[in-house]
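Visitor: The structure's right below; bear with me while I get my questions together.
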Amino acid sequence: MLIAINPANDEIVGEYETHTDNDVQNIIERTQATWLDWRNTTFEFRSVLMHQAAGILRKNRESYARLMSLEMGKLNGEARAEVEKCAWVCDYYADAAADFLKDEVIETDASRSFIAFEPIGIVLAVMPWNFPFWQVFRFAAPALMAGNAAVLKHASNVPGSALAIESIFREAGFPEHLFRSLKIPASQVAVVIRDPRVKAVTLTGSEVAGMRVAVEAGRALKKTVLELGGSDPYIVLEDADISACAKMAATARMINCGQSCIAAKRFIVVESRVEEFAARQAQILANMKIGDPLDETTEVGPMARVDLRDELHQQVVQSLDQGARLITGGEPLPGPGAFYIPTVVTDVKKGMPLYDQETFGPVSAIIPVKNVEQAIAVANDSEFGLGGAVWTQDVKFGEAVARRIESGAVFVNGMTKSDPRLPFGGVKRSGYGRELSHYGIKEFVNIKTIWIG
């Protein structure tokens, strides 16, 4: 049984019977049979259906947003924006896939030689709860447009979202079994990976989950794309506009209640600006309204689960015990739900959980540094390498700093965010492979050389 619990009040939102092993086998069999026909459809045909999926998302935006808010606590305004972004990625690949995957002619000693991009089959997606719709659509739109099929193992606390997404593709006119949601626990994922009809795996999730999937896929010699955790640096240099920087920092940390792989987490600030930055950010966070995510005036909703809230609190407590200094917050909100008071901690140093570990929640860790060289060193002193940001009024210098940061993306004078037009992914223990842009759609195709004498 999969049970969705509202993290704002601990009430049950829905209960769903899980698929048996036989159910899973039947689903994969039908998906495989469907793919054998789907792979031969034209880009023009797929494009019409994908545009229709975008239309359904926009038409039902309010109900999908409410579902996300109920299942995992996302602010309703953020949830509506997430649905709109899913529609955008559907439209983007509906329009761009044919160009991205057209034959690429290469001049050789052949009379004609070119590269063809062909679908590979069923892609298994193992997806997290923090962006229940976006994480799925950013893989599904390019995968289906490339001529693949998909089975989804979504996070167990958002089963309603998983089934809603399946129904969107069906309503849009895609074949009934081309995209299916598997209602299974994590313990059944390995069996799906080993199935010879499943050709590749994409996962967004924790480092531990990524390693387990990579091991299982490696045994079966299957392609994987992994987007894992992040501990993104947010570098504030001496000449930064602190007012704009602190305001953006609050947004970059608090989006989705801080539960984002690419949220700013380590605020690396030159010593001369630390106090001003910390005070401004603390003022913004301390004045945020905490409450029901369905209330449009709420600025901070609950975390997704109580156990995640408690784990975050231990990271804060241990860091404070080791000498970090609390500016604001630092404790769970009393009462029902998985609420945590927005928190700012400064004087964070190496060896503390807030420095060494990913923090998945509304906690800003400020790390003072002497200069830009130390800022870069601290930014790169992490097992992770997903995103990052640099704030300076010297844009050319900011670009130079960005090139030295070990991550999959760096934003100068902005907050890290995904965009269908740009590749998304990380290095080091943040994973490998890329989603989005033309790079993302080419992850799950057979890049075939054809040489004609």
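In this note's numbering, the protein residues as written are 948 to 1400. Cβ coordinates follow ideal geometry from the N, Cα and C atoms, glycine included.
1. Taking the alpha carbon of S1016 as the point to measure from, which residue in L1301, L1241, T1055 has its own alpha carbon closest?
2. Grab the span of the beta strand (DSSP E) containing E1278 for me, first residue to last.
3. Within 10 Å of its beta-carbon, does V995 have 16 or more other beta-carbons around it, so buried, or fewer, so exposed?
4. Any idea if M1158 is buried or exposed, counting beta-carbon neighbours within 10 angstroms, 16 or more meaning buried?
5. Give a single yes or no on whether G1270 has its beta carbon closer than 6 Å to a heavy atom of the ligand GDP.
6. Looking at the secondary structure, which residues open and close the alpha helix (DSSP H) in which N969 lies?
7. What does DSSP give as the partner residues of T1245 in its beta bridges?
8. Could you say which of K1130, Y1386, S1377, H1124 lies nearest to I950 if we only look at CA atoms?
9. Looking only at DSSP bridge pairs, what is D1179 linked to?
10. Between the Cα of G1387 and those of E1353, A1090, E1018, spot the shortest distance and give me the residue it belongs to.
11. According to the Cβ coordinates, are S1219 and E1185 closer than 7 Å?
12. Which residue from A1225, D1303, M1019, Q972 puts its Cα closest to that of R1141?
13. Which same chain residues end up closer than 8 Å to G1335 when comparing Cβ atoms and leaving out the 5 residues on each side of it in sequence?
14. Reducing DSSP to helix, strand and coil, say where I1202 ends up.
15. For P1315, which residues does DSSP report across the bridge?
16. Tell me the DSSP secondary structure of R1159 in three-state form.
17. Between which residues of its own chain and S1329 is the CB-CB distance below 7 Å, once the five residues before and five after are set aside?
18. Excluding five sequence neighbours on each side, which residues of the same chain lie with their C-beta closer than 7 Å to the C-beta of A1164?
19. DSSP on W1076, reduced to helix/strand/coil?
20. Any contact of the segment 1206 to 1220 with the segment 1316 to 1323, i.e. 3+ C-beta pairs under 8 Å?
21. Go through its chain and collect everything with a Cβ distance to D1239's Cβ below 7 Å, but skip five positions before and after it.
22. Would you call S1266 buried or exposed, if buried means 16 or more other Cβ atoms sit within 10 Å of its Cβ?
23. Give the DSSP bridge partners of K1395, in chain order.
24. Distance, Cα to Cα, S1108 vs I959?
25. Using the Cβ count rule (16 or more neighbours within 10 Å means buried), how would you classify W1398?
26. Return helix, strand or coil for I1323, following the three-state DSSP convention.
27. Compare the beta carbon distance of G1373 and G1380 with 7 Å and say whether it is the shorter of the two.
28. How about S1384 and L1333: do their beta carbons lie closer than 7 Å?
29. What is the residue span of the beta strand (DSSP E) that I950 lies within?
30. If you run the structure through DSSP and keep just helix, strand and coil, what is L1099?
31. Measure the C-alpha to C-alpha separation of E962 and L1110 and round it to an integer number of angstroms.
32. Only counting the same chain, and skipping five residues up and downstream in sequence, which positions put a Cβ closer than 8 Å to that of R1027?
33. Among C1192, K1236, I1112, which has the Cα closest to the Cα of A1072?
34. Go ahead and label L1014 buried or exposed: buried means 16 or more other beta carbons lie within 10 angstroms of its beta carbon, across all protein chains shown.
35. Any chance the segment 969 to 984 sits against the segment 1075 to 1089, with 3 or more Cβ pairs inside 8 Å?
36. Quick one: is T989 buried, meaning 16 or more other Cβ sit within 10 Å of its Cβ, or exposed?
Guide: Considering the structure as presented:
1. Against the sequence shown, residue 1016 aligns to sequence position 69. S1016 has its Cα closest to that of L1241, out of L1301, L1241, T1055.
2. Taking the sequence shown and counting its residues from 1, one reaches residue 1278 at position 331. Note, E1278: premise wrong, no beta strand (DSSP E); not H, not E.
3. Counting from one through the sequence shown, the residue named residue 995 turns up at place 48. When all chains shown are included, V995 counts as exposed.
4. On the sequence shown, position 211 is the one that residue 1158 refers to. By the neighbour-count rule (16 or more Cβ atoms within 10 Å), M1158 is not buried but exposed.
5. The ligand GDP is absent from the structure shown, which contains no ligands of any kind.
6. If you number the sequence shown from 1, residue 969 lands on position 22. Start and end: 968 to 985.
7. Taking the sequence shown and counting its residues from 1, one reaches residue 1245 at position 298. DSSP lists no partner for T1245.
8. Taking the first residue of the sequence shown as position 1, residue 950 is located at position 3. Here the closest residue by C-alpha is K1130.
9. For the purposes of this step, residue 1179 is taken as the residue at position 232 of the sequence shown. According to DSSP, D1179 bridges with A1211.
10. Against the sequence shown, residue 1387 aligns to sequence position 440. Checked all of E1353, A1090, E1018; the closest Cα to G1387 is A1090.
11. Residue numbering aside, residue 1219 sits at position 272 when the sequence shown is read from its first letter. Residue numbering aside, residue 1185 sits at position 238 when the sequence shown is read from its first letter. Closer than 7 Å, so yes.
12. The sequence position of residue 1141 within the sequence shown is 194, counting from 1. Nearest in C-alpha terms to R1141, of all of A1225, D1303, M1019, Q972, is Q972.
13. Mapped onto the sequence shown, residue 1335 falls at position 388. Closer than 8 Å at Cβ, skipping near neighbours: D1179, P1180, Y1181, I1182, A1326, A1349, I1352, S1354, A1356, V1357, F1358, T1363.
14. Along the sequence shown, read from residue 1 onward, the residue named residue 1202 stands at position 255. Helix, per DSSP.
15. Here residue 1315 refers to the residue found at position 368 when the sequence shown is read from its first residue. Under DSSP, P1315 takes part in a beta bridge, and its partners are V1216.
16. As a working mapping, residue 1159 is identified with position 212 in the sequence shown. Of the three classes helix, strand and coil, the one that applies to R1159 here is helix, per DSSP.
17. Along the sequence shown, one-based indexing puts residue 1329 at 382. These residues qualify, in order along the chain: S1178.
18. Along the sequence shown, one-based indexing puts residue 1164 at 217. If we look at A1164 and ignore the five residues flanking it on each side, its Cβ neighbours are I1140, V1148, T1171.
19. What you label residue 1076 is simply residue 129 of the sequence shown in a count that begins at 1. Note: W1076 maps to coil in three-state DSSP.
20. yes
21. Here residue 1239 refers to the residue found at position 292 of the sequence shown. Only A955, T1245 meet the Cβ criterion.
22. On the sequence shown, residue 1266 is found 319 positions in, with the first residue counted as 1. With 16 or more other Cβ atoms within 10 Å, it is buried.
23. Counting from one through the sequence shown, the residue named residue 1395 turns up at place 448. A1063, per the DSSP bridge assignment.
24. Taking the sequence shown and counting its residues from 1, the one referred to as residue 1108 is at position 161. Taking the sequence shown and counting its residues from 1, the one referred to as residue 959 is at position 12. C-alpha of S1108 to C-alpha of I959: approximately 15 Å in a straight line.
25. To locate residue 1398, count along the sequence shown from 1; it is residue 451. Here W1398 is exposed. Its C-beta has fewer than 16 other C-beta atoms within 10 Å.
26. Within the sequence shown, the letter at position 376 stands for residue 1323. Helix at I1323.
27. Counting from 1 along the sequence shown, the entry for residue 1373 is found at position 426. Counting from 1 along the sequence shown, the entry for residue 1380 is found at position 433. Not a contact, by the Cβ cut-off of 7 Å.
28. Working through the sequence shown from its first residue, we reach residue 1384 at position 437. Working through the sequence shown from its first residue, we reach residue 1333 at position 386. For S1384 and L1333, no; Cβs fall outside 7 Å.
29. Here residue 950 is taken as the residue at index 3 of the sequence shown, counted from 1. Residues 949 to 952.
30. Along the sequence shown, one-based indexing puts residue 1099 at 152. Looking at L1099 - three-state DSSP - the assignment turns out to be strand.
31. As a first step, residue 962 must be located in the sequence shown, where it is residue number 15. As a first step, residue 1110 must be located in the sequence shown, where it is residue number 163. Between E962 and L1110, the C-alpha separation is close to 12 Å.
32. Taking the first residue of the sequence shown as 1, we reach residue 1027 at position 80. If we look at R1027 and ignore the five residues flanking it on each side, its Cβ neighbours are R1008, E1009, A1012.
33. Start at 1 with the first residue of the sequence shown, and residue 1072 comes out as number 125. That would be I1112, whose Cα lies nearest to the Cα of A1072.
34. Residue mapping note: residue 1014 aligns to position 67 of the sequence shown, counting from 1. Burial call: buried.
35. No: fewer than three Cβ pairs fall under 8 Å.
36. To locate residue 989, count along the sequence shown from 1; it is residue 42. Exposed, since its Cβ has fewer than 16 Cβ neighbours within 10 Å.
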